[in-house]
Structures are given as structure tokens and as C-alpha cells.
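Residue numbers (the numbering used here): 104 to 524.
Glycine included, C-beta positions come from ideal geometry on N, C-alpha and C.
These notes are about the structure you will find just below.
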Ligand code: CTP
């Protein structure tokens, strides 16, 4: 989860709520959207009103909730679904029942929600919530697939305890994750509009293959305990997202994080340094650019118990070194490949970073000096220094990590195209 909420100021969101027990989660979702600055219009199906009242959602959204296409006593307002469809930047259906998913997949329009979905010109995000067997049913799976073929985004239902008492896939994704995904979709839609008018020029990644690592690794020493670090994965995810927006074919190899996967990025999830190493080495030769933003554990427990270790007297854990993934990539660097590493330092920052750049055969290194305010793992901002192989260095100001990612790509790609010309 990102530390600060995404900025949705002035964005217009339609939230479709249908008759699932998860409808109660629509209330915190509306609050999260509003907190991010969005205007929210809630559309409910008649069945949704059995689970949460229009009064609740209307109060939270500060707009009257709409349900019927032909409301009583409102002559002449039946074209609202068309105007709403034009008004919205994004239409989120959460929770989406099996019934509504089926209707959306086949173009039924028997409520304000389904009619507006047909009229909408904006991207649609569907977040299913239903019982395990209904979710698994081939009819539902077919309908969800059809939605994706139609260009809708579908967030897979989460795994966990269901209202029926069963455990399985069928829970509505958490409101936080839905907001994150919504912000990404809006961002992406805006970017692609912008990209069609103003291209990235020599800082485009069209036709290039990009490999990014992100997040911490987790090194288990029994089934319940791990050694890890405080990395959130935000910097690596931001780089992968920016690279994809510039037209790159992006693979993101990430350790455990709670971040939503960036759009249009091939995500490989790993847990340990060893797994990350295997995944990176398997992808390294096809990559034109490699960004190693992961905070890889340097040590892993020498032994892993299959059963939970019981407490006793003082306990000594024997650790052994993990492979230096980036150094291996550097040792095998092919001509023309660009290698960017990261360094996190608390003392002799420049000297250490430059030494890592040399030793690991990098073209660039992004230095986080932890003694500088704002640098490092925690918040959604970062302050970094960029060092290049030919001796240049640039201190970037404190910026959002998404802007740091853009700045890194801008510098690396401009220098590359200068050299090539
Ligand atoms: N890295 C890696 N494999 C490791 C450790 C680090 O690929 N086992 C990569 C990181 O992703 C980063 C760079 O190497 O891009 C530098 O990581 P950092 O932790 O700063 O340095 P280390 O090489 O681990 O050196 P030290 O811990 O001694 O500072």
C-alpha cells in the first residue's frame, strides 16, 4: 500500500454497487475516493439496497444515489445514463455480483447501473464478489473473460473467508487496492491521451525490453518467520510503470509487497533472494535496460526448519551469503545493454556508490543517502543522486517516487541517445 493516497482531485468517478454482502465495503470505498479528491456518483442496483441504504452512500458521496432508469416523479430525466457516461473518467463496479457480471458481459441494461455501463466512454473496472462456487463456475469465468476481451479491467476476487462460511476465492478486493487500481487506470488513460499528442521523443522505450526488480526479499527460517527489510517496492513499481508508459516491454520481478501490479507490465513474484536471482538471470539476456531497485537480502538462514521452532534458550541463527544478483548481471553484460543499480548508504555515500558502480559493471547508480532527509524506504517521496559511469553526478531534489522514476528514465535515455547519435 502506498504511504500517501493517490491524487484524484477533480476526477469524476461512477461507483456501481450491486447486491452482494460486500456492498457494505462500498461505504469505505466512497470515503477513500472522496479523500483522494474525486467526485463520486453512486449507482445502485435495486438488490444492492437490501445490503446498504442509498442514504448511507448518498451522504458519504454528497450526491443523490441513482438506481432506476425511469424514476417515479422524474419525468424527462431518463437520459441521465448517457450524460453520466460522458461525465465519468472511470466507472468502477464494486462489488459486482455474478448476475451483474453476466449482464455486463451480454449488454443488458435493466437498471441505471447497467445502462450507464453501456453508455460509458471511460474505462471500466469490475471487482467481483460472490460465493466460491459461483465465482469458479465456468459461466462466471466465461463472463469475466468476455469483459476483459471487451476492454474492461477485472480485479480478481480475493481469497479468504466468505459470507457462506466457505473459504476460497470470492471476496471483493480491499477498498484500498481498488482505489489504487482506479488511480492507475485514470492516470493511464490520461497518459495515453497525452502520449498520442506529445511523444516521449528520444526518451521513449518503444521496441525496448526493460527488466526491473523491486521490493524486499524474505528469507524464511521456519514456516512462520522470515528475515526481511523495510523496502515497500514503491520505487521499482514506479520505474516499471513509467517504462511501460514509454512503450517498453516491461518485466517486473518483485519481492513481497502490497502494491497493485502496474498496468501493462509482466509481473513475476518471488520471495527469496535465490528466487529473485533465478528469475533475473532467466530474463537478463533479453533485456535492453535493467533497473535493480530491489533491496535484496545479503544473507539468508543457512538452514530452514520444516516445523515451527519452539522457544528455548538464546538462539543463534547461522546465516550464509546470498548471490549478488546485480554483480552476476554485470559480469554477463552484453554490448549495448544498460545496467542501473541502486545503493543505499549511511556513510561515505559517494565513495561506496561509485565503488559499487565499478565493481558491478554498471552504467548508472542511483544513490540513496539515508542521512539525507526524505531519502530511502519509507515515504512516497525520495531524494536521490544519480551517478554515471563517465563520472557525472546529479543531485535530484526531494520528489514523489513516481517523479524520481521519470527523472531517472529521462536522464538514462537522453544520455543513451546522445551517445548513439
Ligand atoms: N543487489 C543484488 N544482490 C544482492 C545485493 C544487492 O543484486 N545480493 C543489488 C541491489 O538491488 C542494488 C545494488 O545491488 O541495485 C546495491 O545494493 P546495496 O544493498 O546498496 O549494496 P550491496 O552490494 O548489498 O553492498 P553493501 O550491503 O555492502 O552496502
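With residue 185 as the anchor, note down where its alpha helix (DSSP H) starts and where it stops.
Numbered from its first residue, the chain shown carries residue 185 at position 82. Segment 183 to 190, the alpha helix (DSSP H) holding residue 185.
How would you write the range of the alpha helix (DSSP H) that residue 161 sits in, first residue to last?
Looking up residue 161 in the chain shown gives position 58. Taken as a continuous stretch (DSSP letters only), the alpha helix (DSSP H) holding residue 161 covers 157 to 164.
Tell me which same chain residues have a C-beta within less than 6 Å of the C-beta of residue 307, skipping the five on either side of it?
Residue 307 sits at position 204 when you count from the first residue of the chain shown. For residue 307, where only same-chain residues beyond five positions count, the Cβ hits under 6 Å are 349, 350.
Residue 285: which of 213, 239, 364, 303 sits nearest, CA to CA?
Translated into positions along the chain shown, residue 285 becomes position 182. Nearest of 213, 239, 364, 303 to residue 285, Cα basis: 364.
Are residue 143 and residue 136 touching if we call contact CB-CB under 7 Å?
Working through the chain shown from its first residue, we reach residue 143 at position 40. Working through the chain shown from its first residue, we reach residue 136 at position 33. Contact: yes.
Comparing C-alpha positions only, which one of 333, 113, 262 sits nearest to residue 447?
Here the question's residue 447 lines up with position 344 in the chain shown. For the options 333, 113, 262, the alpha carbon positioned closest to that of residue 447 is the one of 333.
4 or more residues per run - each alpha helix (DSSP H) lying fully within the region 294 to 382
Complete alpha helix (DSSP H) runs here, min 4: 337 to 348.
What did DSSP end up calling residue 544 once you bin it into helix, strand or coil?
This structure cannot speak to residue 544, because the chain is shown only from 104 to 524.
Let me check you understand the geometry: is the CB of residue 444 closer than 6 Å to at least one non-hydrogen atom of ligand 1?
Along the chain shown, one-based indexing puts residue 444 at 341. For ligand 1, at least one heavy atom lies less than 6 Å from the Cβ of residue 444.
I'd like to confirm something about residue 120: is its beta-carbon nearer than 6 Å to some heavy atom of ligand 1, or not?
Stepping through the chain shown from its first residue, residue 120 is reached at position 17. Outside the cutoff, so no.
In chain order, what residues of the same chain have a beta carbon less than 6 Å from the beta carbon of residue 249, not counting five sequence neighbours either side?
For the purposes of this step, residue 249 is taken as residue 146 along the chain shown, with counting starting at 1. 208, listed in sequence order.
Would you report the Cα separation of residue 292 and residue 369, rounded to the nearest angstrom?
Numbered from 1 along the chain shown, position 189 holds the residue referred to as residue 292. Numbered from 1 along the chain shown, position 266 holds the residue referred to as residue 369. Distance between the alpha carbons of residue 292 and residue 369 is about 19 Å.
Please return the same chain residues whose Cβ sits closer than 7 Å to the Cβ of residue 422, not counting the five positions on each side in sequence.
In the chain shown, counting from the first residue as 1, residue 422 sits at position 319. Only 402, 403, 404, 405 meet the Cβ criterion.
By alpha-carbon positions, which one of 410, 126, 521, 220 ends up nearest to residue 274?
In the chain shown, residue 274 corresponds to position 171, counting from 1. Of the candidates 410, 126, 521, 220, the one whose C-alpha sits nearest the C-alpha of residue 274 is 126.
Counting only runs that start and end within the region 482 to 516, where is the beta strand (DSSP E) found for 3 or more residues in a row?
The qualifying runs are 488 to 491, 496 to 498.
Give the C-beta separation of residue 531 and residue 501 to the nearest angstrom, bearing in mind that I take them to be a contact with Cβ-Cβ under 8 Å.
This structure gives no information on residue 531, because the portion of the chain shown stretches from 104 to 524.
If distances are taken between C-alpha atoms only, which option among 341, 430, 184, 218 comes closest to residue 505?
For this step, residue 505 is matched to residue 402 along the chain shown. The option with the nearest alpha carbon to residue 505 is 341.
Sorted by chain position, which residues of the same chain lie with C-beta nearer than 8 Å to residue 234's C-beta, five sequence neighbours on each side aside?
On the chain shown, position 131 is the one that residue 234 refers to. Once the five neighbours on either side are set aside, the close Cβ partners of residue 234 are 265, 266, 267, 269, 273.
Between the region 407 to 420 and the region 385 to 393, do at least 3 Cβ pairs fall closer than 8 Å?
no
Element boundaries [beta strand (DSSP E), containing residue 273]
On the chain shown, position 170 is the one that residue 273 refers to. Residue 273 -> beta strand (DSSP E) spans 270 to 274.
Could you tell me the boundaries of the beta strand (DSSP E) in which residue 433 lies?
Taking the first residue of the chain shown as 1, we reach residue 433 at position 330. Membership of residue 433 in any beta strand (DSSP E) is not indicated; the residue belongs instead to the alpha helix (DSSP H) covering 428 to 434.
Taking the alpha-carbon of residue 321 as reference, which of 314, 330, 313, 315 has the nearest alpha-carbon?
As a working note, residue 321 is residue 218 in the chain shown. It is 330 whose Cα lies nearest to the Cα of residue 321.
Check whether the Cβ of residue 441 lies closer than 6 Å to any heavy atom of ligand 1, and answer yes or no.
If you number the chain shown from 1, residue 441 lands on position 338. At a threshold of 6 Å, residue 441 does not count as near ligand 1, since its beta carbon sits no closer than that to any of the ligand's heavy atoms.
Is it right to say residue 253 is buried, meaning 16 or more other beta carbons lie within 10 angstroms of its own, or is it exposed?
Numbered from its first residue, the chain shown carries residue 253 at position 150. Classification for residue 253: exposed.
Check residue 240 in the structure and name its three-state DSSP category.
Against the chain shown, residue 240 aligns to sequence position 137. Coil, per DSSP.
Less than 7 Å between the C-beta atoms of residue 452 and residue 425, yes or no?
The residue labelled residue 452 in the question sits at position 349 within the chain shown. The residue labelled residue 425 in the question sits at position 322 within the chain shown. No; because the gap between Cβ atoms is not below 7 Å, this pair is not in contact.
Residue 401: beta carbon under 6 Å from a heavy atom of ligand 1?
Start at 1 with the first residue of the chain shown, and residue 401 comes out as number 298. Yes; taking the cut-off as 6 Å, the Cβ of residue 401 has a heavy atom of ligand 1 nearer than that.
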